[in-house]
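Numbering (this note's numbering), first residue to last: 3 to 99. Notes for the one structure printed next.
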């Protein structure tokens with residue numbers, strides 16, 4: 003009976019040790035994935051900023067083309083100027099209060 007109990011103890015001990023090793027391995031994987039996720043988030047933020055800058059440059063180029071006489075972009079330029087004028091008017095109205 004003592005032998006059987008000891009064998010069960012050894013089996014349980016090996017199982018626990020295996021679980022501890024698996025736990026440690028999974029912790030390392032999680033740590034690696036968290037680092038990778040953080041790097042990916044930084045890269046995404048950089049790409050988002052780059053996309054914003056490129057969009058701004060593109061809009062400026064289209065606006066410049068409209069001013070220089072590109073008829074396709076003239077309507078867009080008129081709308082943009084009107085938006086800016088309305089925004090300025092709102093600011094002036096707020097300052098007058």
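C-beta: ideal position from N, C-alpha, C; glycine also.
Give the straight-line distance between the Cα atoms of residue i and residue j, rounded to the nearest whole angstrom.
i          : j          : result
residue 97 : residue 54 : 30 angstroms
residue 62 : residue 51 : 17 angstroms
residue 31 : residue 49 : 26 angstroms
residue 18 : residue 4  : 21 angstroms
Apart from the five residues just before and just after residue i, which ones in its own chain have a Cβ nearer than 7 angstroms to its Cβ?
i          : result
residue 6  : none
residue 33 : none
Within its chain, find whatever has a CB closer than 8 angstroms to the CB of residue i; leave out the 5 residues flanking it on each side and keep chain order.
i          : result
residue 28 : none
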